[in-house]
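Chains as they are written, first to last, in this note's numbering: chain S, 1 to 339; chain Z, 340 to 698; chain V, 699 to 777. Cβ atoms here follow ideal geometry from the backbone N, Cα and C, with glycine treated the same way. Take a look at the structure below.
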């Protein structure tokens, strides 16, 4: 019995027997093996990571699983790499946990795995260990993915929120809201034609470009669920300091602006999967932008605000018309299953 | 227009507004009728640009907020009893009913589909046939003609499994009640409801109640300009209706849209959260369109509802109280866990306060 | 629920239907309420329907007003 491309995932594929073996050998390994995965050890032994290791895990349940600019697979690679990058760690190795719903078309799985392979190659990471389970129809929605990641910290001053100080400047590496809007527009209840794509990408090149700031690179975070607004509020809350930003300075693609008006969704609360918010030392904002000038992953980077001692633990925004308002923490389920 | 132009124009309008307001002998309380204006004012941080003696009060122009709790109950009971698929605008999904919201009903296996346009209901009804599809009809005169037009199409296409539970509301009846309130001195009139109704129809505010009103668009500068004009009118004691959204609102409105409404719907009494029953303020299906009336063809017994006595939505919707004066605000009542609809609606006054910070 | 935005009518697609565009996002809408709409017009779109045609001249007048206010303020600030 060979696995036909028009086949579907069956419960047997998760059983650990011949069917599982074939799935791994014929579908998964050809796409993902770079030398270590193929021997299928119970655990992989790694070296060359140095004595400061960044480690993270993330699970991905995005719906729909295919969206403009990516799919759940590429997202699973980028998302975990980006969490590592925020500790100024070069992403190196990923683990892959797949939970497949009985009935998932094999073709979908193959596309997702290929996207993961492409994303991993581009990000310079290797998937070195994994696991596959199949659950009965209805117990999962198509496919859920978990990736854990290991990275090598490449700075002596690891970015941390307790290094954030009054007067520090805040940058974002490019236009915001693209991922959330692209996924939302793709949802079944809307019938829009649009070019807008998710910005799903590895941000390591952006972080690498900023490394020369040394201790001037205070804090990094990727604004995923809850968007820029969630991230800025986290920084304010955790540091206990205030943040002031200028609405006019926030980079926004015209398509995202239009989508936000049509759908009534705030782009500042909309997820990003290829952006980073960087807090840099006072007056280093211009230098940081210079460093990012030739970084394609940071096109459209801008200084959006600064850390203050007024409005502690809160984020204030000066609007396009010069008014002021508080940028509140996003409430729960604005965009469910967005990443 | 560049962002600096926007900033400078806003400055000019704000300064003018402050200058004129300084001549006023009293605090001016203006009602922003439309929920979208409430959100736009908060979102642009406009309150920080207003004079101290201008107070904006939110009104009942949030169709979800003024919908009674029993409407959600009726929807869920109808879906359960008749194995119906509910179709709704996204706003209604998390509004609490007596035993949970549409979202909780969906999580329990109920069929609830969010639509962007009422036209989507026709396709959904075809998919669901022979089971009924029930559309939750909430909205003011901006939305009402879109549902009416949908039903016209449904009638001519012979759709027979689509139904509507009507909670439609019209803006003039409550406006007349609010205009009589002594502590309201003028009105920021809705933008897109006025695209349908026109600007002439508000003359009674000036003629019978001696209060000024300005129809406004939704861009921050449009709102600032409208309020500047409202302050000028109020200070000079002129009761006039000004159309401040001329690029969209004609004085006679959109007669084609109104004709579509009139063909499908006729005035009925309606119950408003916060204002009680207002005669003639609702709309019911008429003539051949009664075939789509869920209350007639899919009747259910809705037990009497009880609102949490601590919930202040009713007072907030009539401008009698601001959200931060509700004891539940931000504590038991949050957008994630709302008690009343003002907190969950995307145009709710409480939601605006919570999201943008009271200013 | 006044959420409605101006979108440009780029194509008449059938009897009373058209395609509109804003920022590259396109959708099909009903034109039954705006029978006078022509390709190139900006329509106010609400819930899948055009509810009014934007008056180009009035839009221009309003933008001019804001620009003048901005200019006046700029001049004052430079003094």
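Taken through DSSP and simplified to helix, strand or coil, residue 295/S comes out as coil.
Residue nearest to residue 10/S within the set 93/S, 85/S, 72/S and 106/S is 106/S (criterion: CA-CA distance). Cβ neighbours of residue 627/Z within its own chain (closer than 7 angstroms, five residues either side excluded): 494. Nearest CB-CB separation between residue 721/V and chain S: below the 9 angstroms threshold. For chain V, the residues of the region 237-264 of chain S that bring a beta carbon within less than 7 angstroms of one of its beta carbons are 254, 255, 257, 258, 259, 261, 262 and 264, in chain order. In this structure, DSSP gives residue 65/S a state outside helix and strand, which the three-state scheme calls coil.
For residue 451/Z, the closest of 630/Z, 423/Z and 684/Z by C-alpha to C-alpha distance is 423/Z. By the Cβ rule, the region 275-293 of chain S counts as touching the region 161-173 of chain S, because three or more pairs are nearer than 8 angstroms.
Beta-bridge pairing by DSSP links residue 324/S to 318/S.
Residue nearest to residue 28/S within the set 128/S, 51/S and 91/S is 128/S (criterion: CA-CA distance).
Here residue 583/Z has 553, 554, 555, 556, 561, 564, 565 and 568 as same chain residues with Cβ atoms under 8 angstroms from its own Cβ, once five neighbours each way along the sequence are excluded. In the DSSP assignment, no residue is bridged to residue 689/Z. Between residue 145/S and residue 73/S, the C-beta gap is smaller than 9 angstroms, which places the two residues in contact. For the beta strand (DSSP E) assignment, the uninterrupted runs of no fewer than 3 residues enclosed by the region 340-376 of chain Z are, from N- to C-terminal side, 367-373. In the three-state scheme derived from DSSP, where H, G and I count as helix and E and B as strand, residue 167/S is classed as coil.
Residue 505/Z has its alpha-carbon roughly 10 angstroms from the corresponding atom of residue 631/Z.
Residue 363/Z holds the alpha-carbon nearest to the alpha-carbon of residue 393/Z among 399/Z, 585/Z, 363/Z and 420/Z.
Nearest C-alpha to residue 57/S among 78/S, 331/S and 135/S: 78/S.
In this structure residue 713/V is exposed. Its beta-carbon is surrounded by fewer than 16 other beta-carbon atoms within 10 angstroms. When 665/Z, 670/Z and 655/Z are compared, the shortest CA-CA separation from residue 687/Z is found for 655/Z. Of all residues in the region 357-387 of chain Z, the ones placed with a Cβ closer than 8 angstroms to any Cβ belonging to chain S are 381, 382, 383, 384, 385, 386 and 387, in chain order.
A direct Cα-Cα distance of roughly 6 angstroms separates residue 545/Z from residue 551/Z. A straight-line Cα-Cα distance of about 27 angstroms links residue 657/Z and residue 261/S. The beta carbons of residue 247/S and residue 319/S sit closer together than 9 angstroms. Leaving aside the five residues that flank residue 148/S on each side, the residues in its chain whose CB is nearer than 6 angstroms to its CB run, in chain order, 57 and 95. Assignment of residue 403/Z by DSSP, reduced to helix, strand and coil, places it in the coil class. Taken in chain order, the complete beta strand (DSSP E) segments of 3 residues or longer contained in the region 542-597 of chain Z are 552-554 and 580-582. Residue 59/S is not a Cβ neighbour of residue 122/S, given a cutoff of 9 angstroms. Assignment of beta-bridge partners to residue 130/S by DSSP yields 96/S.
Restricting attention to 620/Z, 611/Z and 615/Z, the CA atom closest to the CA of residue 604/Z is found in 620/Z.
In this structure, the alpha-carbon of residue 464/Z lies about 14 angstroms from that of residue 486/Z. Under the DSSP assignment, residue 82/S falls outside any beta strand (DSSP E), being part of the alpha helix (DSSP H) whose first and last residues are 72-85. Annotation: residue 559/Z to residue 373/Z spans about 15 angstroms, alpha carbon to alpha carbon.
By the C-beta density criterion, residue 651/Z is buried, having at least 16 other C-beta atoms within 10 angstroms. Here DSSP, grouped into helix, strand and coil, assigns residue 605/Z to strand. Contact annotation for residue 345/Z against chain S: 320 and 321 [CB-CB distance below 7 angstroms, chain order].
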